[in-house]
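Those protein sequence lines, which keep their order, are chains A and B.
Start counting the first sequence at 223; every next residue gets the next number (the numbering used here).
Start counting the second sequence at -19; every next residue gets the next number (the numbering used here).
Virtual Cβ for every residue (Gly too), placed ideally from N, Cα, C.
On a predicted model such as this, the values are computed, not experimentally measured, just so you know.
Below is one structure, written out as C-alpha cells; the observations come after it.
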Amino acid sequence: MKSAASASLNNSHAPGLRPEKVKILAVDDDRDNLLALQAILEPLQQDLMLAESGTDALRLCLDHDFAAILLDVRMPELDGFETAELIRSRKRSLHTPILFLTAYRSDEQLFRGYDLGAVDFLFKPIVPEVLQSKVNVFVQLSWSELVVRRQAEELARTERTFRAVLEGAPDAMVITSTSGDIQLANSRTDTMFGHSREALLGTNIRNLIPEWTCPELVSGGIAMLRGAPETRLPATRKDGSMFPAEITCSPFGVAEGFLVTTAIRDATTQVEAEERITRINQELEKRVAERTVELTRSNEALRQFAWAASHDLQEPIRTVLSYSQWLSQSVTDELDEKQQIMLRFIEQHASRMHQLAGGLQQYIVASEAGQQSWTAVDCNVVLKTVLSTLQENIRDSGAVIECDHLPVIFSIEVLMVQLFKNLISNGIKYRSSETPRIHISSSRGEDGWVFSVRDNGLGIEPKYFEYIFGVFKRLHAVDHSGTGIGLAICKAAVERLGGRIWLESAPGSGSVFYFCHPDLAHGQIESSTSNLPR
Amino acid sequence: MAKSNQVRRIFLAEDNAADVVLVREALDRHSVSYELMAYPNAQAAILAAERCGMDGHPAPDLILVDLNLPWGHGCDVLEAAAKNPALNSARKAILSSFVGSPSDVERARRLGATGFIMKPANLEEFLDNVGRQIAHLLESSDAASH
C-alpha cells in the first residue's frame, strides 16, 4: 500500500513541473503521537513539520505555507479549535486545509470544527492508509495550485514582455478589431498623433489613418495571418495636420476571432528624401537629354563635314589626276627622264589620294544610318553583283572564287555589297605567290547568320587583328594597292547591321574573315532600325 | 555622225573650270560641232535657264548639270529649266563625279533628266565615256525632234 501511494504521487504531478516537496504540518501535544504521524506520512515523501503546541503551530504558520495541517483537537493551553481559529484569522493561512485529529465522535465537536473551516476529521486511532490517502489529496491539490499560479505568472510575464515590445517599438503600434476599433495603443501613438492614449481607446483607427483597411483575413476558407505589405497612406494628427505614413497591418487570431496590429511609421523624412532623389534624377535626365541633343547635333555636323570633306577632296584631286595624265600624254617626248619621273609621282599620288577620298566616302555611307532601307536581300544575288564589279581584279590575278549557296536575309543591300566586295578584294589584294583561292560560305549560328570569307593569302599576325579594322590602317607599303579603309568599311557596315566582324589568321596560312548578321524577322526590323545610331 | 557638222548648243552648269575644258576636249574627240555655254554656279545657271528662248538667248539642245554646285543644287537648275517651255525639247542630263543619293536621282528624273553621266578619274575614260555619252544624247535629241 505504501508503495502504491507513493507511485500515484509521483505520477500525479503536473508535467513540466519539478516534483517539489510540499509542506505538511502536524500538531499534537503528545510527542509519541507526532512520531506515529511522522511514520505514517513518511512514504508520501513530503516535508513534514511537527509542532507540540498550538503556539508552536501558529509560529510555523507565520513562516511557511502548508499544503495541509493535521491538528489534534485536545491540547493544553490552546486547543485545536482555538488554534484553527487563529490560523484562519491570518491572511496567509486563511485557505490552508485543516484536518482535525480527535478521539471523540461528538456532533458538537464536528459542527464547531466545520464551522472553523475544517475540511475533514480523522478519528483516533488513526488508520494509516486513510490518513495517507487524505493527506495525499491535499498534496495534489497544492500541486495543482502551484501549476495554476505558475501559469498565471507566465501569463503575466508574457503580458509584460508584450507591453515592453509594444512600448519599445519605434513605430506607433495600434491594436484594433477587424473593423478598426482601437483596443490598445503604445505611447509612440500619443506622441505621433497628439491624442492621449486613453482618448484613443474605443475610437476608430480611421480617425488616424482615414484610408485604413483591414488586411485580407480569409482566402478560400483558410485564415491568412500574413501581414499586408507595407503601404503608404496619409495620416492625420489631432491638430488636423497631415503626414505621410508607412503602414503595416498584421492580423492575429484570438479566441474571439481576429485582431489587427497596425504599425505606423512617420515617413515624412523618407518622402522628402525620395522627392529629392526624384528631383535630382529628373535634373540628371534633363541634362542627359540636353547632352544627347548636343551630341546628336555635333554627330550630324561631323557626318555632314565628313561627307563634304570626302566629296570635296575627291573633286580637285580628280582634276589633278586627269590633268597630270593629260600633261604626260602631251609632253612625254619633250621631257627628260627625271622630269618624267616627277610627273609619274604626281600621277601616282593623285591617283592614290583619289582612292582614299573615295574609300572615305564609302565608309561614311556604311556607317551612316540613313536612306538605305531594310529589305529581303538574296546574298547570292549580292555576290553576283560583287563578282561582276571585281571581274577585272579576278581576271588579272587569276583568282578562283568558290561560293556556297547563301541565304536570303533581312538586311541593307548596299552594306552587304560593300562587305563582300571589300572582303573578297582584300583576299585578292593580299595574295601570296599562290593562285588566290577565296571561299565564301554561311552557317546558321546561335544569334543569326555567320558568313565567312576564306583566302589563302599572306595572312595576318594576331597582334594586328584589332588594328586592321581602323580607318586608313594598312599593314603593307603603298605599292600594295590597298587604301587601308576597306576593313573599316566592313566593320562599320557590320555594326550598322547589328553584327560583328572578326578573323582567324596567321602569317603564311591565309585568313578567314567572319561576320555575323542578326536573323531578323519582319516585325523586328522596325524596332531594330529605330535603335540604330543616326 | 551624219549631223556632226551641225552646231549643237550645250548648256553646262559646272563650277570646275577644269572639267569644262575636259568636256570641250571630249566633244572635240567625238567630232561634235558645238557651242558651249558654261555657268559656274547654280544661281547663274538658273537665271540663264529662265531666259532661254528670249531674244538673244537661244534655247540649247542639251542641258548638263553637275549636282554639286555653289549657291544651289543641280536639281534647282533642272527645276528652272522644266518651268521654261522654251526648253521642253532640250535633252537634260546630270554630269557628276559621284553617284547622287537615290532621292536626288529620283528628283532629277522627275524634272526631265534622261541621262546620268559619271566623271571618271582617269583622263582617257573621261574623254572617251563623257564624249560618247554626250554625243549619244544629242543624237537621240535629233531622233526625238525629227
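Checking contacts by CB at 8 Å: is S589 (chain A) closer than that to chain B?
What you label residue 589 (chain A) is simply residue 367 of the first sequence in a count that begins at 1. No, no contact with chain B.
Is E5 (chain B) near L75 (chain B), with beta carbons less than 8 Å apart?
If you number the second sequence from 1, residue 5 (chain B) lands on position 25. If you number the second sequence from 1, residue 75 (chain B) lands on position 95. Their beta carbons are not under 8 Å apart, which means E5 (chain B) does not touch L75 (chain B) by this criterion.
What residue from B:L49, B:V(-13) and B:Q23 has the CA that sits closest to A60 (chain B)'s CA?
By one-based count along the second sequence, residue 60 (chain B) stands at place 80. It is B:Q23.
Check whether the region 35 to 54 of chain B and the region 62 to 79 of chain B are in contact - that is, three or more C-beta pairs closer than 8 Å.
yes
Span of the alpha helix (DSSP H) around G390 (chain A):
Within the first sequence, the letter at position 168 stands for residue 390 (chain A). G390 (chain A) -> alpha helix (DSSP H) spans P350 to G390.
Would you please state the rounded distance, in angstroms, between the beta carbons of A340 (chain A) and I320 (chain A)? I believe it to be under 8 Å.
In the first sequence, counting from the first residue as 1, residue 340 (chain A) sits at position 118. In the first sequence, counting from the first residue as 1, residue 320 (chain A) sits at position 98. The Cβ separation is near 5 Å, so the contact holds.
Can you give the beta carbon distance from A391 (chain A) to N408 (chain A), rounded, assuming they're within the 8 Å contact cut?
In the first sequence, the residue the question calls residue 391 (chain A) occupies position 169. In the first sequence, the residue the question calls residue 408 (chain A) occupies position 186. About 6 Å; that satisfies the 8 Å criterion.
Check the Cβ-Cβ distances between E537 (chain A) and every residue of chain B, and say whether any is below 8 Å.
Locating residue 537 (chain A) in the first sequence gives position 315, where the first residue counts as 1. Closer than 8 Å to some Cβ of chain B, the Cβ of E537 (chain A) qualifies, so yes.
Once you ignore the five residues that flank F78 (chain B) on each side, which residues in its own chain have a CB closer than 7 Å to its CB?
Reading the second sequence from its first residue, position 98 is the one you call residue 78 (chain B). Closer than 7 Å at the Cβ level, and outside the excluded window around F78 (chain B), lies no residue.
Output needed for P658 (chain A): all residues of its chain with C-beta closer than 8 Å, excluding positions within five of it in sequence on either side, in chain order.
In the first sequence, residue 658 (chain A) corresponds to position 436, counting from 1. Around P658 (chain A): S619, G620, A621, V622, G649, I650, D677, N678 and G679.
In the DSSP output, what is M34 (chain B) paired with across the bridge?
The sequence position of residue 34 (chain B) within the second sequence is 54, counting from 1. BP columns for M34 (chain B) are empty, so no partner.
Spatial neighbours of L388 (chain A) in its chain, beta-carbon cut-off 7 Å, leaving aside the 5 residues before and after
For this step, residue 388 (chain A) is matched to residue 166 along the first sequence. Within the same chain, L388 (chain A) has close Cβ partners M395 and N408.
In three-state DSSP terms, what is C436 (chain A)?
Indexing the first sequence from 1 puts residue 436 (chain A) at position 214. DSSP places C436 (chain A) in coil when its eight states are reduced to three.
On the premise that A28 (chain B) lies in contact with C55 (chain B), defined as a C-beta separation below 8 Å, what is that separation, rounded to the nearest angstrom?
Walking along the second sequence from the start, residue 55 (chain B) turns up at place 75. Walking along the second sequence from the start, residue 28 (chain B) turns up at place 48. With a Cβ gap of about 16 Å, C55 (chain B) and A28 (chain B) do not count as contacting.
Measuring only the C-alpha atoms, how far is Y736 (chain A) from T597 (chain A)?
Residue mapping note: residue 736 (chain A) aligns to position 514 of the first sequence, counting from 1. Residue mapping note: residue 597 (chain A) aligns to position 375 of the first sequence, counting from 1. Roughly 22 Å separates the two Cα atoms.
Three-state secondary structure (DSSP) of A39 (chain B):
Counting from one through the second sequence, the residue named residue 39 (chain B) turns up at place 59. Correct three-state label for A39 (chain B): coil.
Using the beta-carbon of each residue, which ones in chain A are nearer than 9 Å to L44 (chain B)?
Taking the second sequence and counting its residues from 1, one reaches residue 44 (chain B) at position 64. Within 9 Å Cβ-Cβ: nothing; L44 (chain B) doesn't reach chain A, min ~16 Å.
Just verifying my parser: in three-state terms, what is the DSSP assignment at F691 (chain A)?
Counting from one through the first sequence, the residue named residue 691 (chain A) turns up at place 469. Of the three classes helix, strand and coil, the one that applies to F691 (chain A) here is helix, per DSSP.
Three-state secondary structure assigned by DSSP to L612 (chain A)
Stepping through the first sequence from its first residue, residue 612 (chain A) is reached at position 390. Coil.
Hey, does H576 (chain A) have any beta-carbon neighbour from chain B nearer than 8 Å?
As a working mapping, residue 576 (chain A) is identified with position 354 in the first sequence. Chain B, which has a Cβ nearer than 8 Å to the Cβ of H576 (chain A), makes this yes.
Give me the residue from B:D108, B:L107, B:I97 and B:L103 with the minimum Cα distance to I43 (chain B).
For the purposes of this step, residue 43 (chain B) is taken as residue 63 along the second sequence, with counting starting at 1. Minimum Cα distance to I43 (chain B) is reached at B:I97.
Closer than 7 Å at the beta carbon, the chain E residues around S552 (chain A):
Among the protein chains of the structure shown, namely A and B, there is no chain E.
Which residues mark the beginning and the end of the beta strand (DSSP E) in which Y736 (chain A) is found?
As a position in the first sequence, residue 736 (chain A) is number 514, starting the count at 1. Element bounds for Y736 (chain A): S733 to P740.
Against chain A, with Cβ distances strictly below 8 Å, would A25 (chain B) count as a contact?
If you number the second sequence from 1, residue 25 (chain B) lands on position 45. Chain A, which has no Cβ nearer than 8 Å to the Cβ of A25 (chain B), makes this no.
Determine the direct distance from the alpha carbon of W51 (chain B) to that of S674 (chain A), and round the result to whole angstroms.
Residue numbering aside, residue 674 (chain A) sits at position 452 when the first sequence is read from its first letter. Residue numbering aside, residue 51 (chain B) sits at position 71 when the second sequence is read from its first letter. Spanning the two alpha carbons is a distance of roughly 47 Å.
Can you check the region 257 to 300 of chain A for any beta strand (DSSP E) of at least 3 residues that lies completely inside it and give the ranges in chain order?
269 to 273 and 290 to 294
Measure from the alpha carbon of R574 (chain A) to the alpha carbon of each residue in A:S733, A:S544 and A:L282, then state which is nearest.
For the purposes of this step, residue 574 (chain A) is taken as residue 352 along the first sequence, with counting starting at 1. Comparing Cα-Cα distances from R574 (chain A) to each of A:S733, A:S544 and A:L282, the minimum goes to A:S544.
Could you tell me the alpha carbon to alpha carbon distance between V369 (chain A) and A477 (chain A), rounded to whole angstroms?
To locate residue 369 (chain A), count along the first sequence from 1; it is residue 147. To locate residue 477 (chain A), count along the first sequence from 1; it is residue 255. Cα-Cα distance, rounded: 22 Å.
Span of the alpha helix (DSSP H) holding W529 (chain A)?
Counting from 1 along the first sequence, the entry for residue 529 (chain A) is found at position 307. W529 (chain A) -> alpha helix (DSSP H) spans T490 to V553.
Can you tell me the Cα-Cα spacing of R379 (chain A) and T490 (chain A), whole angstroms?
The count along the first sequence starts at 1 and reaches residue 379 (chain A) at position 157. The count along the first sequence starts at 1 and reaches residue 490 (chain A) at position 268. C-alpha separation (whole angstroms): 36 Å.
Alpha carbon of D46 (chain B) to alpha carbon of E624 (chain A), nearest angstrom
In the second sequence, residue 46 (chain B) corresponds to position 66, counting from 1. In the first sequence, residue 624 (chain A) corresponds to position 402, counting from 1. Cα to Cα, the separation comes out at about 41 Å.
Look up I246 (chain A) in the DSSP assignment and say whether it is helix, strand or coil.
Taking the first sequence and counting its residues from 1, one reaches residue 246 (chain A) at position 24. Three-state DSSP puts I246 (chain A) in a strand.
Output, in chain order, the set of chain A residues within a Cβ distance shorter than 7 Å of K72 (chain B).
Along the second sequence, one-based indexing puts residue 72 (chain B) at 92. Those within 7 Å of K72 (chain B) in chain A number zero; the least Cβ separation is about 22 Å.
Do you know offhand how far T611 (chain A)'s Cα is from I660 (chain A)'s?
Reading the first sequence from its first residue, position 389 is the one you call residue 611 (chain A). Reading the first sequence from its first residue, position 438 is the one you call residue 660 (chain A). Distance between the alpha carbons of T611 (chain A) and I660 (chain A): 16 Å.
Any C-beta of chain A sitting closer than 8 Å to the C-beta of A101 (chain B)?
Residue mapping note: residue 101 (chain B) aligns to position 121 of the second sequence, counting from 1. Judged by the 8 Å Cβ criterion, A101 (chain B) is in contact with chain A.
Local conformation of L406 (chain A) per DSSP, three classes
On the first sequence, residue 406 (chain A) is found 184 positions in, with the first residue counted as 1. Three-state DSSP puts L406 (chain A) in a strand.
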